[in-house]
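Step one of this worksheet: look at the structure below.
Residue numbers (this note's numbering): 9 to 95.
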């Protein structure tokens, strides 16, 4: 149960920070959380692919989630052609 709460917290933080970094209004709270969680998975995959360890504490986890969420947001905007307001 705690791991689900942890993923939601990390997703919320990563989604919020990504919304600020990407100069957009965000996709709304729920979608920002989802983007953050999926971004954490993408970021974890990328970090493992380049040889970094899968563990590193809370700050490492949030930074990896932000990296993945930024990449995911960039891809979403590339595909949809919008700045986050119409998703």
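All residues carry an ideal CB built from backbone N, CA and C; glycine is no exception. Quick caveat: nothing in here was measured; it's all calculated off a predicted structure.
Beta carbon of residue i nearer than 8 Å to that of residue j
i          : j          : result
residue 48 : residue 18 : yes
residue 40 : residue 27 : yes
residue 43 : residue 81 : yes
residue 67 : residue 25 : no
Per-residue DSSP class, three states only, for residue i
i          : result
residue 55 : helix
residue 64 : coil
residue 23 : helix
residue 47 : helix
Among the options, nearest to residue i - alpha-carbon criterion
i          : options        : result
residue 15 : 86, 27, 72, 87 : 72
residue 78 : 21, 12, 11, 65 : 21
residue 76 : 45, 31, 12, 87 : 45
residue 50 : 83, 64, 31, 37 : 83
residue 23 : 38, 11, 13, 12 : 38
residue 86 : 13, 54, 64, 30 : 30
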